[in-house]
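Data block below; observations after.
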Amino acid sequence: MKKCLIGLMLVASPLMTWGASEELRFGVDPTYPPFESKRPDGSLTGFDIELGESLCSELKRRCIWVENAFDGMVSALKGRKFDGILSALSITEERKAEIAFSNTLYDTPARLVAPEGSALQPTAESLRGKRIGVQQGSVFEVYAKRMWGPKGVEIVPYQSSDLTYSDLINGRLDAAFDDAIAVSEGLLKKPIGKGFGYAGEVVKSPEIFGPGTGIGLRKNDTALAGEINQALERIHRNGTYERIASKYFDFDISPK
Amino acid sequence: MFLEGYGYLILQGAWLTVQVAAWAACVAITLGLLGALAKLSPLAPLRLVATIYTTLVRSVPDLVLMLLIYYSAQIGLNQVADAFGQESFQLNPYGTAIGTLGFIYGAYCTETFRGAFQAIAVGQLEAARAYGMSHWQVLWRIRLPQMMRFALPGIGNIWQVLLKSAGLISLLGLNDMVQVAKQAGNATSRQMFFYLVIAAIFLAFAVLSSLALKHLERRYSPEPQRRAS
Amino acid sequence: MIEILKEFGPNFLWTDGYRWSGLSVTLWLLLTSAVIGLFAAIPLALIRTYGSRWLALPIQLYTLVFRGTPLFVQLLIIYSGLASLSFIRETPSLWWFFRDGMHCVILALALNTCAYTIEILAGVLRTTPRGEIEAALALGMTRSQLFILVLIPSMLRRALPAYSNEVIFVLHATAIAFTATVPDILKIAGDVNAATFKTFQAYGIAALLYMLLACALVGIFRMAERRLLAYQR
């Protein structure tokens with residue numbers, strides 16, 4: 017009994033951590049290579065991760081990465097679990113109603129992926145009656161549910177992209193709709209991705225997909241937003257951005 | 025390579041699961057004792073609060089409660105802190121998971137402890153009061169030790185259920201062994217293998233727990249009572 | 003809150019416009035898995051209590067494994083693990099079954115509740131009042147008549163309180179279905195959360211729905227107990 021009371025106090029103390037101002041906490045869902053993923057030893061790697069670390073070193077702060085499910089990112093940000101979302105979060109009007117964004121980080125296209133040889137195209141007529149996997153909470157889910165869902169296409173949302181690819185591989189899905197680079201790294205370039213390829217051309221929709229991804233911030237954190245945008249400018253100017261980008265992409269992904 | 029290089033991570037995840045379950049059990053037992061005493065207290069408001077607690081918590085699935093509390097706790101805390109004009113503090117995710125699980129299973133413990141308190145022979149209490157013991161002395165020296173014997177099987181059951189419920193914390197985003205198994209399985213395309221491994225680990229925990237429980241029950245069980253049959 | 007109810011009410015309750023979702027799906031999962039689990043458990047409990055060691059032992063092993071591992075892990079194995087095995091994917095009849103998330107969830111729930119129900123029924127069987135058995139034998143009943151007319155009805159009646167608890171647990175267990183892409187109450191709550199960012203309202207409505215279901219179930223079982231266990235009052 018006494019042990020439990022002491023235990024309770026020990027439990028309560030790590031429950032509370034006061035945010036130190038030399039730290040910058042980013043929320044990330046590390047299931048989305050090459051932007052953010054986990055190595056087997058548990059450490060984080062990816063374009064967003066390196067971008068975040070370079071921003072932190074510009075701001076002379078320590079980066080803390082807080083893992084969170086993608087569809088709960090905005091709620092967690094508003095709940096102050098972290099100070100910014102750096103997880104391939106597209107800038108959209110719906111999200112701007114809830115949170116603020118930094119300047120655009122990068123812009124990558126959206127594509128449909130399906131077994132090679134299937135004649136599927138990213139149109140409602142071609143996909144009618146088929147099951148399409150998307151990540152829950154992403155702009156791809158919004159696009160699919162708005163443009164294809166009402167026309168008889170079954171949209172299946174998943175907690176994370178790797179679950180989508182699993183079900184695509186084992187045949188539960190006819191196609192998956194996601195970021196072209198994420199699909200390439202997470203599926204096509206891997207041995208299990210043999211026999212799959214892009215179906216149709218890049219899908220463009222500026223109203224739904226927005227100008228690209230950005231760092232999600234709380235609306236009243238204007239000081240932080242200013243600092244981050246300045247740091248972003250500096251790493252563009254001193255070439256850090258290009259250096260990191262060329263490690264991951266062989267084409268220019270900076271925002272137009 | 026030990027389990028394709030993921031062996032160490034899985035063991036770490038297993039250790040995390042056990043830790044979360046153990047701390048949650050402490051919280052649950054504490055809440056259970058408080059709740060049982062509240063339910064048996066002569067004060068009606070206390071009884072009401074305890075009854076609402078147990079009824080609400082036991083009629084909602086633990087997964088739903090976990091999601092509700094885990095995500096809302098921080099938001100609620102922030103609102104309270106804002107109302108007082110203070111800077112709110114951040115809830116550690118593991119601590120929150122422990123608190124959530126403890127809160128949920130505290131309701132089940134309340135019912136078990138209540139039944140156990142009521143199972144104590146009334147004669148014991150009468151004798152204690154006859155000796156002039158104060159209310160708190162009776163509670164601390166007579167009721168709690170005796171009640172623990174009766175509560176043991178029920179608490180052991182709750183511990184087993186709690187241990188399995190701790191497998192759900194991966195859905196809160198925590199890095200327990202279920203999450204590691206998912207990542208390992210997807211990375212190596214050997215999902216079935218890794219899921220069977222963690223199933224075996226859970227089974228081992230369950231068997232060990234029930235063996236420990238049987239040992240405890242044998243040590244603390246009441247003397248066989250003479251009953252008029 | 004009201005806007006959420008108005009916009010997503012139908013999703014929570016019966017359909018999201020394209021297929022069944024929400025409360026209807028949860029009820030369907032509850033009913034099918036509980037019924038399958040119960041009907042499978044009755045003969046298995048009889049074998050476990052009265053059968054030879056060779057028959058009873060595998061059943062004990064089954065209940066040990068399915069009660070000792072979390073339902074979540076069982077569902078992962080059935081939904082994700084089996085689908086990763088090539089011989090499942092390449093056998094048309096097997097793949098037709100395991101392809102559908104709903105089938106996987108019902109199978110996992112049924113296997114799980116069957117294990118718990120077997121233990122409940124076996125425990126109740128062991129405490130059948132000797133008088134009932136002796137009276138039946140004295141009346142000259144054959145073994146099968148003893149089972150069908152006396153033991154099974156008595157077992158089902160006396161197991162009612164413990165079984166009603168188990169059914170509530172199956173209701174709680176259906177909440178896990180959303181991990182297999184089945185659109186139950188919790189999945190709709192997750193969708194609402196992703197669409198509106200109002201976490202507390204989304205999951206709060208889900209909690210309320212489960213509470214109503216639990217109340218209804220408890221009420222039904224109380225009525226059943228009043229009728230079937232009347233002799234105990």
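Protein chains in written order, with the working numbering: chain A, 17 to 272; chain B, 25 to 253; chain C, 3 to 235.
All C-beta atoms in this analysis are idealised placements derived from N, C-alpha and C, irrespective of residue type, glycine included.
Just to confirm the assignment, what range does the beta strand (DSSP E) spanning residue i have?
i        : result
A/Ala191 : Ala191 to Asp195
A/Ile148 : Arg147 to Gln151
A/Leu40  : Glu39 to Val44
C/Arg101 : Here C/Arg101 belongs to no beta strand (DSSP E); instead the alpha helix (DSSP H) covers Pro94 to Arg101.
A/Leu9   : This structure cannot settle anything about residue 9 of chain A, because the visible part of chain A is limited to 17 through 272.
A/Glu52  : Glu52 to Lys54
Report the option in the options whose CA atom is closest to the CA atom of residue i.
i        : options                                   : result
A/Thr108 : A/Ile224, A/Glu141, A/Val219 and A/Gln246 : A/Ile224
C/Leu109 : C/Ile90, C/Glu136 and C/Ile79             : C/Ile79
B/Ala223 : C/Ser35, C/Gln62, C/Phe41 and C/Pro72     : C/Pro72
B/Leu235 : B/Gln184, B/Arg167, B/Tyr32 and B/Ala105  : B/Gln184
A/Asp45  : A/Phe267, A/Gln152, A/Leu248 and A/Ile269 : A/Gln152
B/Leu240 : B/Leu195, B/Trp47, B/Ser194 and B/Ala175  : B/Ala175
C/Val169 : C/Leu7, C/Ile38 and C/Glu9                : C/Ile38
A/Pro125 : A/Gly228, A/Val90 and A/Asp64             : A/Gly228
C/Leu29  : C/Ala196, C/His174, C/Phe99 and C/Ala140  : C/His174
A/Gly226 : A/Tyr122, A/Pro50 and A/Lys97             : A/Tyr122
B/Ala188 : B/Ala211, B/Val44 and B/Arg82             : Inspection of the sequence shows that residue 188 of chain B is occupied by Lys rather than by Ala. Checked all of B/Ala211, B/Val44 and B/Arg82; the closest Cα to B/Lys188 is B/Val44.
B/Ala49  : B/Ala228, B/Leu192, B/Leu101 and B/Tyr129 : B/Tyr129
C/Arg160 : C/Ala43, C/Trp16 and C/Tyr233             : C/Tyr233
C/Trp16  : C/Ala117, C/Thr198 and C/Ile190           : C/Ile190
C/Tyr165 : C/Thr129, C/Ile122 and C/Gly206           : C/Ile122
A/Phe42  : A/Pro56, A/Cys72, A/Arg55 and A/Lys54     : A/Cys72
C/Ala117 : C/Gly221, C/Leu40, C/Ala216 and C/Tyr205  : C/Leu40
C/Ser86  : C/Ala208, C/Leu139 and C/Phe100           : C/Phe100
A/Ser103 : A/Val82, A/Ala113, A/Arg144 and A/Gly95   : A/Val82
B/Thr41  : B/Gln203, B/Leu101 and B/Thr134           : B/Gln203
Using 8 Å as the limit for Cβ to Cβ distance, is residue i near chain B?
i        : result
C/Pro163 : no
A/Ala36  : Residue placement at A/Ala36 is flagged as unreliable, the pLDDT there being 49, under the threshold of 50; a coordinate-derived value is accordingly withheld.
C/Pro72  : yes
A/Asp268 : no
C/Ala197 : no
A/Ser182 : yes
A/Pro49  : no
A/Asp195 : no
A/Pro56  : yes
Of all the CB atoms in chain C, is at least one closer than 8 Å to the CB of residue i?
i        : result
A/Asp87  : yes
A/Arg188 : yes
B/Lys238 : no
A/Val44  : no
For the alpha helix (DSSP H) holding residue i, just list the boundary residues, first then last.
i        : result
A/Val218 : Looking at the DSSP string, A/Val218 is not in any alpha helix (DSSP H); the run it does join, the beta strand (DSSP E), is Phe212 to Val219.
A/Ile171 : Note, A/Ile171: premise wrong, no alpha helix (DSSP H); beta strand (DSSP E) at Glu170 to Tyr174.
A/Leu67  : Phe63 to Leu75
A/Pro222 : Pro222 to Phe225
A/Phe156 : Val155 to Tyr159
A/Ser177 : Ser177 to Ile185
If we define contact as Cβ-Cβ less than 8 Å, is residue i a contact residue for chain D?
i       : result
C/Gly83 : Of the chains in the structure shown, none is chain D; the protein chains are A, B and C.
Cβ of residue i less than 8 Å from any chain A Cβ?
i        : result
B/Tyr95  : yes
B/Gln161 : no
C/Thr183 : yes
C/Arg91  : yes
B/Gly59  : no
B/Gly180 : no
B/Leu235 : no
Contiguous alpha helix (DSSP H) assignments of at least 4 residues, all confined to the region 166-216 of chain B
168-189 and 201-212
Going along the chain, which unbroken runs of the alpha helix (DSSP H) with 4 or more residues stay wholly within the region 187-223 of chain C?
187-198
Selection of the region 222-233 of chain B by Cβ proximity to chain C, strictly under 7 Å:
Ile222, Ala223, Phe226, Leu227, Ala230 and Val231
Taking a cut of 9 Å between CB atoms, which residues from the region 114-138 of chain C lie near chain B?
none
What ranges does the alpha helix (DSSP H) occupy inside the region 118-192 of chain C, keeping only unbroken runs of at least 4 residues that lie completely in it?
132-140, 154-160 and 162-175
Closer than 8 Å, Cβ to any Cβ of chain C: which residues of the region 66-94 of chain A, in chain order?
Asp87, Gly88, Val90, Ser91 and Lys94
Taking only runs of the alpha helix (DSSP H) that begin and end inside the region 7-94 of chain C, which ones reach a length of at least 4 residues, in chain order?
25-52, 55-70, 73-78 and 88-92
Taking only beta carbons into account, state which residues of the region 191-225 of chain B come closer than 9 Å to chain A, listed in chain order.
Listed in sequence order: Leu195, Leu196, Gly197, Leu198, Asn199, Val204, Lys206, Gln207, Ala208, Gly209, Asn210, Ala211, Ser213 and Gln215.
At which residue ranges does the region 57-140 of chain B contain complete beta strand (DSSP E) runs of 3 or more residues, listed in the order of the chain?
none
My parser needs the alpha helix (DSSP H) runs of 4 or more residues fully inside the region 81-115 of chain A; what are they?
Fully enclosed alpha helix (DSSP H) runs of 4 or longer: 89-94 and 109-112.
Taking only beta carbons into account, state which residues of the region 211-227 of chain A come closer than 9 Å to chain C, listed in chain order.
none
Chain-ordered residues of the region 144-163 of chain A with a beta carbon less than 7 Å from chain C
Gln152 and Gly153
Report the residues of the region 239-258 of chain A with a CB closer than 9 Å to any CB of chain C, ordered along the chain.
none
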